[in-house]
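There are 2 protein chains.
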Amino acid sequence: MSKLFPSITIKQVAQEAGVSIQTVSRVVNNRYDVAPETRQRVQEAIARLGYQPNAMARGLASRRSRTLGLITQDFNDPFFTQVTTGAEQEAHEHGYFFMLGSVCCEKEEEPKYLRLLTERHVEGVLLIRGGGFDDADHLLKLQGHGVPVVTTGFYLPGAPFTVIDVDNIDGGWQATRHLIDNGHRQIATITGPKNWKSAQDRLQGYCKALAEAGIDYNETLLGEGSWHHRSGYGAIQAILSRNLAFSAIFAQNDRMAIGAIQALRQHGLQVPENISVIGYDDLPEAEFASPALSTLRQPAVEIGQAATRELIHQIESPEAAPRQLLYNAELIVRNSVLPYRSM
Amino acid sequence: MSKLFPSITIKQVAQEAGVSIQTVSRVVNNRYDVAPETRQRVQEAIARLGYQPNAMARGLASRRSRTLGLITQDFNDPFFTQVTTGAEQEAHEHGYFFMLGSVCCEKEEEPKYLRLLTERHVEGVLLIRGGGFDDADHLLKLQGHGVPVVTTGFYLPGAPFTVIDVDNIDGGWQATRHLIDNGHRQIATITGPKNWKSAQDRLQGYCKALAEAGIDYNETLLGEGSWHHRSGYGAIQAILSRNLAFSAIFAQNDRMAIGAIQALRQHGLQVPENISVIGYDDLPEAEFASPALSTLRQPAVEIGQAATRELIHQIESPEAAPRQLLYNAELIVRNSVLPYRSM
DNA sequence: GTGAAAGCGCTAACAT
DNA sequence: ATGTTAGCGCTTTCAC
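If you read the protein sequences in the order shown, they are chains A and B. Numbering that gives the first Met the number 0 puts the first residue of the first sequence at 0, with every later residue one more than the last. Numbering that gives the first Met the number 0 puts the first residue of the second sequence at 0, with every later residue one more than the last.
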C-alpha cells in the first residue's frame with residue numbers, strides 16, 4: 000500500500016552533471032541565464048538518467064498545478080464528448096492537463112466536486128453543461144478565489160464567467176426559417192428540457208422566425224423532450240394523438256429528430272414526403288439516418304478548444320475580463336425536408 | 000501570471016484549534032488515535048476556516064497522488080465514452096480522480112502522454128483502446144515501475160496487464176449464430192480494422208459459427224471497416240458491386256450496420272425484407288434506427304467500473320496478480336433480422 | 001552565470 | 001493521545 004516512487008530527483012541530476020540543483024531547475028524550466036555549455040551538460044545528464052520532474056513538488060513550490068478541472072453533465076450526448084475532445088487537445092498544447100471532475104452528477108453534487116477539484120488546486124474549471132441552475136454561488140466563490148470558470152452550453156445572465164457557446168437563438172431561427180422557406184407554416188417543435196439555456200434559446204429563435212413570417216405561435220404544437228431519442232419519439236406521439244395538423248417538425252437535437260421520425264413512421268407518415276423534419280447538432284448518425292437528416296451543425300470541437308484557450312488565457316492573465324464568444328450554427332441540407340404541398 | 004493560492008493551511012487550523020499540526024493531520028486522515036473531544040475541536044476549526052488540504056503537498060509527503068491516468072482513443076465512439084463514464088464514477092467512490100491523458104492521439108504519441116502522466120505521478124493507468132499495437136514496451140516499463148496498467152478493448156497476448164473486456168469471440172459467434180438460426184447461410188460481415196483485437200475476435204466468432212453450421216467461409220463476403228457509419232456504407236457498396244449473393248450481414252458495430260443499411264437501401268434492397276442485418280454495441284441509436292436494429296449489447300459502463308475497481312485494487316495491493324475478466328455480450332432482438340426465404 | 005538557503009504544506013517516524 | 005523533528009522534490013530569493 001505504501002507506494003514508492005523510486006524516481007530520479009533533481010538532486011541526482013545535479014550531481015551527475017556536476018552542477019547545483021538550481022541550474023538543473025533552470026534548464027528544465029528553459030530559463031535564459033544558463034551557459035549553453037552547462038545547459039548541454041545538464042540535458043545530457045537528464046537524458047542519461049531519464050529524469051522526469053515531479054509535478055507535485057513543482058506545484059507545491061511554484062503554486063501552479065498546471066491542471067484544469069472539467070465538469071460535464073452527460074457523456075452520452077455526443078456534443079459534450081466532442082467539446083471534451085477539443086478541450087483536451089487544446090490543454091495539452093499549452094502544457095495543461097484536465098482532471099475529470101464528474102460526468103453525470105446531479106446538480107446538487109456539483110459543489111462537492113468543485114471542492115474536490117479545489118483541493119487538487121486546479122487552476123481553472125471548464126463547465127460543460129446545459130443549464131438547470133438557479134444559483135451559481137459556488138462558482139462565483141470559486142472565481143472569487145482566483146480560479147477562473149469558463150462555461151459552455153449555458154450561462155447565468157450577469158454572472159461574470161467567460162462563455163463560449165453557439166448562438167442558439169440564431170440556430171433555432173435558421174432551422175425554422177429553412178422550414179418556412181420551404182413553404183411550411185404549421186411547424187411542430189420538440190425542445191430540450193425547459194431549464195436548459197440552449198433549449199430556451201432555440202425555442203426563442205423558432206418563435207422569432209414564426210413571427211417574422213406572420214405565423215401565430217401555437218403552443219399545442221410544442222413538445223418538451225429530454226434530448227434522448229426516446230423523448231422525441233414520445234413528444235411526437237403526444238402531438239399526433241391530439242390530432243393536430245402540421246407539416247414539419249423542428250427538433251432541437253438530432254437524436255430527438257430521429258426518435259420523432261420513428262414515431263411518424265409508425266403512424267404511417269413518411270419523412271419527408273408527408274412531414275419534413277430538421278434536427279440540430281449534425282451528429283455523425285444524422286447523415287446515416289433515413290432519410291439523411293437536414294440539421295444545424297454545431298462546431299463542438301472548436302468550442303471545446305476555444306473554451307480551453309480562454310480558460311488558460313484567464314489563468315495566465317488574471318486581469319483579463321470575462322467575455323462571451325458565440326459561434327454560429329451552420330445549416331446542413333440533406334433529405335429530410337421537402338417543400339410543402341397540401342395533401 | 001504568478002498565481003496565488005491564498006488558502007488556509009494546516010498550520011492555521013492547528014493554531015485555531017490550539018493543537019499541533021500533527022493532530023490536525025490525524026483528524027483529516029481519520030486516524031483513530033485522537034481523543035474524541037480534540038477531534039471535535041479540530042473539526043470545528045476546519046469548518047470555521049473552510050480548510051481544504053492541499054493535495055499536492057499531501058502527495059509529495061505521502062508519495063500518493065490518488066490520481067489515475069486515462070488514455071483512450073476515440074470519444075466519438077459511444078462505447079469508449081460509456082466506459083469512461085463508468086470509470087469516472089468508480090474512481091470517485093474510492094477517492095481517486097482521473098487525469099485525461101489523451102483521447103485521440105496517434106499510437107506514436109502514446110509514450111509521450113504516458114510520460115506526462117508519470118510526471119504527474121498517476122498511481123495507475125487505464126487504457127481504453129482497440130488495439131493496433133505491436134509493442135507495449137512503454138506500458139511494460141510503466142508497470143515495472145510500480146504503476147499498474149489495466150486495459151479494456153485490447154490485450155497483448157502474454158502481457159501482464161489486467162484486462163477487462165467483452166468476450167468478443169462469443170459475441171461474434173452469438174451474432175452469426177442468430178443469423179444462422181434464422182436460416183441464413185450466405186452471411187456477409189463487416190469487420191472493424193484488422194489490427195483491433197475486438198475485430199479479430201468477432202471475426203473468429205463469426206468463422207466458428209459458420210464452421211459449426213457447415214458453412215464454408217467465403218472471404219469475398221468480408222469487408223473491413225473503420226467502425227464509422229461511412230465505412231459500413233462503403234463496405235457494403237463494395238460487396239454489392241461484386242454481385243455476390245448474400246441474405247444477411249453481421250456488422251461488427253452498430254454504426255457500420257446503420258451505414259450498411261443505407262447502402263442497401265440505395266441499391267433498392269430493404270432491411271429486413273431482402274437482407275437481414277445484425278449489429279454490435281447496442282448504442283442508443285440502434286433502437287431508433289429504421290428498422291430497429293438487432294444487436295449485441297456490451298455492458299460498457301460496467302466494464303469501466305470493473306476496470307477501475309481492478310486498477311485501484313492493484314494499486315492498493317501491489318502483490319495482486321493481473322487477471323482477465325470477460326463479460327458476455329447479450330443478444331438484443333429487434334426488427335432487422337427476418338427468417339431466410341429464397342427470392 | 002551559478003550556488004546557497006529557505007520554504008511550499010503536508011506526512012512519517014519517532015518522541016513523550 | 002499528542003507534540004517534535006525531518007524531510008518529500010522542487011522553485012524562489014538573494015547572494016556571489
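Where a beta carbon is used, it is the ideal one built from N, C-alpha and C, also for glycine.
Distance between residue j and residue i (C-alpha atoms, nearest Å)
{"i": "R65 (chain A)", "j": "L67 (chain B)", "result": "16 Å"}
{"i": "Y279 (chain A)", "j": "Q297 (chain A)", "result": "8 Å"}
{"i": "G49 (chain A)", "j": "A135 (chain B)", "result": "19 Å"}
{"i": "L330 (chain B)", "j": "Q251 (chain B)", "result": "13 Å"}
{"i": "S197 (chain B)", "j": "E105 (chain B)", "result": "19 Å"}
{"i": "G157 (chain B)", "j": "S24 (chain B)", "result": "44 Å"}
{"i": "A262 (chain B)", "j": "E223 (chain B)", "result": "15 Å"}
{"i": "S230 (chain B)", "j": "T37 (chain A)", "result": "54 Å"}
{"i": "F74 (chain B)", "j": "D169 (chain A)", "result": "28 Å"}
{"i": "H120 (chain B)", "j": "A328 (chain A)", "result": "41 Å"}
{"i": "L202 (chain B)", "j": "I257 (chain B)", "result": "19 Å"}
{"i": "E92 (chain B)", "j": "Q304 (chain B)", "result": "10 Å"}
{"i": "T84 (chain A)", "j": "P35 (chain A)", "result": "39 Å"}
{"i": "M55 (chain A)", "j": "V33 (chain A)", "result": "25 Å"}
{"i": "I248 (chain B)", "j": "R322 (chain B)", "result": "34 Å"}
{"i": "T190 (chain B)", "j": "E109 (chain B)", "result": "25 Å"}
{"i": "R333 (chain A)", "j": "T175 (chain A)", "result": "15 Å"}
{"i": "H177 (chain A)", "j": "I186 (chain A)", "result": "11 Å"}
{"i": "H227 (chain A)", "j": "Q72 (chain A)", "result": "14 Å"}
Exposure of residue i, with buried meaning 16 or more beta-carbon neighbours within 10 Å
{"i": "R47 (chain B)", "result": "exposed"}
{"i": "S293 (chain A)", "result": "buried"}
{"i": "G152 (chain B)", "result": "buried"}
{"i": "L282 (chain A)", "result": "buried"}
{"i": "N53 (chain A)", "result": "buried"}
{"i": "A44 (chain B)", "result": "buried"}
{"i": "Q199 (chain B)", "result": "buried"}
{"i": "G58 (chain A)", "result": "buried"}
Option in the options with minimal Cα separation from residue i
{"i": "F96 (chain B)", "options": "A:I70, A:G94 and A:F79", "result": "A:I70"}
{"i": "A86 (chain B)", "options": "B:R340, B:R322 and B:T307", "result": "B:T307"}
{"i": "D164 (chain A)", "options": "A:T8, A:S225 and A:Y154", "result": "A:Y154"}
{"i": "G129 (chain B)", "options": "B:V162, B:G145, B:L139 and B:L115", "result": "B:V162"}
{"i": "V41 (chain A)", "options": "A:F287, A:A291, A:Q21 and A:L139", "result": "A:Q21"}
{"i": "S246 (chain B)", "options": "B:K140, B:V276 and B:Q265", "result": "B:V276"}
{"i": "E315 (chain B)", "options": "B:V33, B:S341 and B:P147", "result": "B:P147"}
{"i": "L337 (chain A)", "options": "A:D32, A:A319, A:R184 and A:A16", "result": "A:R184"}
{"i": "V300 (chain A)", "options": "A:P77, A:Y205, A:K10 and A:Y112", "result": "A:P77"}
{"i": "G267 (chain B)", "options": "B:H228, B:T188 and B:Q236", "result": "B:Q236"}
{"i": "W172 (chain A)", "options": "A:A212, A:E318 and A:T219", "result": "A:A212"}
{"i": "Y326 (chain B)", "options": "B:D166, B:A291 and B:M255", "result": "B:D166"}
{"i": "A291 (chain B)", "options": "B:K140, B:R254 and B:A234", "result": "B:R254"}
CB contact below 8 Å: residue i versus chain A
{"i": "P147 (chain B)", "result": "no"}
{"i": "I331 (chain B)", "result": "no"}
{"i": "H120 (chain B)", "result": "yes"}
{"i": "R30 (chain B)", "result": "no"}
{"i": "Q269 (chain B)", "result": "no"}
{"i": "N252 (chain B)", "result": "no"}
{"i": "R114 (chain B)", "result": "yes"}
{"i": "T161 (chain B)", "result": "no"}
{"i": "P192 (chain B)", "result": "no"}
{"i": "N75 (chain B)", "result": "yes"}
{"i": "V102 (chain B)", "result": "yes"}
{"i": "N53 (chain B)", "result": "yes"}
Integer-rounded CB distance, given that residue j should sit under 8 Å from residue i
{"i": "L125 (chain B)", "j": "V149 (chain B)", "result": "5 Å"}
{"i": "Y232 (chain A)", "j": "A259 (chain A)", "result": "6 Å"}
{"i": "L239 (chain B)", "j": "T219 (chain B)", "result": "At roughly 12 Å, the Cβ-Cβ gap does not stay under 8 Å, so L239 (chain B) and T219 (chain B) are not in contact."}
{"i": "V82 (chain B)", "j": "I127 (chain B)", "result": "5 Å"}
Residue-level contact to chain B via CB, residue i, 8 Å cutoff
{"i": "S293 (chain A)", "result": "no"}
{"i": "G258 (chain A)", "result": "yes"}
{"i": "L99 (chain A)", "result": "yes"}
{"i": "G58 (chain A)", "result": "yes"}
{"i": "S246 (chain A)", "result": "no"}
{"i": "C206 (chain A)", "result": "no"}
{"i": "V343 (chain A)", "result": "Any answer about residue 343 (chain A) is impossible in this case: the structure gives chain A only from 0 up to 342."}
{"i": "E105 (chain A)", "result": "no"}
{"i": "T151 (chain A)", "result": "no"}
{"i": "M0 (chain A)", "result": "Confidence in M0 (chain A) is poor, its pLDDT being 31 and thus under 50, which makes the residue's placement unreliable; the coordinate value appears in the next sentence. So, interface residue."}
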